[in-house]
Amino acid sequence: TGATTPQASTSQGAGGVAAKQEASAAGGTPEARAAMVVRQHAQEIMKHLRDTHLAFFLETERFVVEITRSFKPSWEQQLQHIISACMDSMTSLNLSAPLTTEVAEKVESALSELLTVLEQQQEQEKGKGQPSKESLQLTEFLSTYKPLLTASFFKENGSYSFATNKDLYLMLRKWQVAVRRELSRAAAPKQLESLSRALAESKGSQMEVPGQYLDMNEPMTDQHVKVDRVLPEIELVDINLACHRQITIRGNDGKLYHFIVEATGTTVSSSDERTLFLCQFMNRCMEKEKQTRRRNMNLHLRPIVGLAPRCRLISHDPKSISLLEVLEDFLISKGMTSDGVALKFAEKAQALSKIEKDPLMAAMNEVADILPETVLLDYVRSQIPSNAHLWSFRKHLAVQYACQVLVSHVLFTAPPPPAKLVLSQLQGDVMLLASTPGLNKECTRMQDSTDMVPFRMTRMLTTLLSPVGLEGGFSAAMGAAAMALNHPNRQLRHHLCILLREELLAYSSPTPKPGQSAAQSVTDHGRSVLARANECAQQVSQRVNDLSPMTALAAEKDVKDGELGQPINGKVISLIMAAADPVKQIAMPCLWHPWA
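Count along the sequence shown starting at 1, add 18, and that's the number in the numbering used here.
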């Protein structure tokens, strides 16, 4: 027709920018030249897609552009994400301990970086002449929040106003509640048309519902569900202490698909996306093994679809709930919060340290009077219509949680706090959020096990699973999953090497030695990363091998006549006993909530 669509002009503009970047990188560093090669490959793929499937290309590009442009995080949302990340990083600390300079400076640095970026945006807006509505809102945000943040978290006369970790955490908690209240007031309810008129009026025909290529089975494109429409209601959803917008897509099969738009002010880490691909491979390993297939064992995954460095879609089940939300719902009738219970536990343990022989256990008994061990079971019973359904729920939960626990344990992931353990209210599916490989600070090997418990198996979970489910279904499923992953034909270690190599590359960069060229530095760095990835993969494979019943069967051949050997799932049983030991649980940080 001779007319240029907005999407096509966008592609041409992006191509012009990329061409300038390639020209500047032609004589630049090896990293710039490598990035240029990646861009060239991406452009070739997009060109082929545009030439062969033009309608699909334009529709998908419009969707991605509208999501990334219309769902930018507000300044309050960026502030809440930073505060939530700081609170999450403090869950492993002893709140009664004196505040270290490192922890305080980390919080100050994160907030200072946000304020600096916003001030730079403000200066750029001033140079454009007539201030826009967005510029006026930014000026109001800085004038309101900057003095308060500076007085709360920044150094004053060369020192911080917090004496202990508890003081800093309480201040972060106060800010999180205030910002969350402001977000709820400003954003609820909001219609899609107010954010993106193009998305609200578009009716799809070619684009597929995101995340279908991340299913456990091989993709069958002719059977994939296509997008029919994006529904007009936009909701706010709290995931892992952070607040995000949620969109709902109606497919051409009539079903509704819910996605969280995770838009942040900084580049999103791809660590959980790499772990997702590894878990997808583990599902296929368990599908091929008889012992796991007959139990219908698999990892319940939530697809993550990256749209831009600072924006991605995450599949969301509206009928799922975290363990922390269950605790909050129970405590709200008593006028308390979960953090309040944790702080009360820390204060009580400190007060009883001079009186009681075991102050932690005495404080734990007082918390148990506030939070009985049947809180989670009572909540599940209230959501499930019949006892037969409850039995199926607990059986499925035991198998699902065994799979999730096995993967997090072999990847050296720290036991999750209640906010990161999410349950499906009706089916019993379990997800552990932000379950990424645990590397040490130097990123040279998997981190040394400093946690007192190998995974989360607190009294509320053991009550929900029941002793029969814990010793029967849970332990058997964990051993069967380890046996499926340890099968020599599955080649798990090769996939682990790929995942861990990418993980190490994300946290390290080549540093040329004196007299060494940049190219040689990159080569040496690549060899070093590959060697470290192989070592880390060996550590993970060893944990899988130790938990496999086949390893115990092989060891029985060396047992002499008359001696009693270990049961074939002896390693799994000892691991469960260590995780369910209340003495070890109360030695964990109080924000881990060992009573939940």
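Beta carbons are placed, not taken as given, at the ideal position from N, Cα and C, and that holds for glycine.
In the three-state scheme derived from DSSP, where H, G and I count as helix and E and B as strand, residue 232 is classed as helix.
In the assembly as shown, residue 373 is an exposed residue. Its beta-carbon has fewer than 16 other beta-carbons within 10 Å.
Beta-bridge partners assigned by DSSP to residue 277: 265, 333.
Contact check between the region 434 to 450 and the region 397 to 411: three or more CB pairs, one atom from each, fall below 8 Å, which counts as touching. DSSP, reduced to helix, strand and coil, places residue 177 within a strand of the structure shown. The continuous beta strand (DSSP E) containing residue 440 extends over residues 439 to 442. According to DSSP, residue pairing for residue 244 in a beta bridge involves 226. When DSSP states are grouped into helix, strand and coil, residue 149 belongs to the coil group. Using a Cβ distance threshold of 8 Å, residue 318 and residue 398 do not count as a contacting pair. The beta carbons of residue 100 and residue 329 sit no closer together than 8 Å. Rounded to whole angstroms, the gap between the alpha carbons of residue 459 and residue 297 is 24 Å. Residue 502: member of the alpha helix (DSSP H) spanning 493 to 503, first to last residue. Straight through space, the alpha carbons of residue 584 and residue 355 are spaced by roughly 45 Å. With fewer than 16 other Cβ atoms from the protein chains shown falling within 10 Å of its own Cβ, residue 572 counts as exposed. Residue 515 places its beta carbon less than 8 Å from that of residue 551. Under the 10 Å beta carbon count, residue 231 is surrounded by fewer than 16 other beta carbons and is classified as exposed.
Between residue 602 and residue 109, the alpha-carbon positions lie close to 17 Å from each other. Residue 361 has its alpha-carbon roughly 24 Å from the corresponding atom of residue 472.
Cα atoms of residue 426 and residue 323: separation of roughly 22 Å, rounded to the nearest angstrom. When the five nearest sequence neighbours on each side are left out, the beta carbons in the same chain lying within less than 7 Å of the beta carbon of residue 493 are those of 587, 590, 591, 594, in order along the chain. The C-beta of residue 521 has 16 or more other C-beta atoms within 10 Å across all chains shown, which makes the residue buried. DSSP places residue 209 in the strand class (E or B) of the three-state scheme.
Look at the beta carbons and you see the region 536 to 548 not touching the region 483 to 500: under three pairs across the two are nearer than 8 Å. In the three-state scheme derived from DSSP, where H, G and I count as helix and E and B as strand, residue 324 is classed as strand.
Under DSSP, residue 253 takes part in a beta bridge, and its partners are 264.
Residue pairing of residue 116 in beta bridges, as defined by DSSP: 182. Residue 548 sits away from residue 482, with the two beta carbons spaced by 8 Å or more.
Contact check for residue 260 and residue 98: beta-carbon distance about 7 Å, within the 8 Å limit, so the pair qualifies. Just so you know, the alpha carbons of residue 168 and residue 597 end up roughly 42 Å apart. In the structure shown, the three-state DSSP call for residue 319 is coil. About 14 Å separates the beta carbon of residue 517 from that of residue 303, a gap too long to meet the 8 Å contact definition.
Apart from sequence neighbours up to five positions away, the residues of its chain that approach residue 137 with a beta-carbon distance below 8 Å are 160, ordered along the chain.
For residue 558, the enclosing alpha helix (DSSP H) begins and ends at 536 to 565. The Cβ-Cβ distance between residue 128 and residue 186 does not fall below 8 Å. Judged by their CB atoms, residue 248 and residue 265 are nearer to each other than the 8 Å cut-off. Residue 536 and residue 530 have their C-alpha atoms spaced approximately 6 Å apart.
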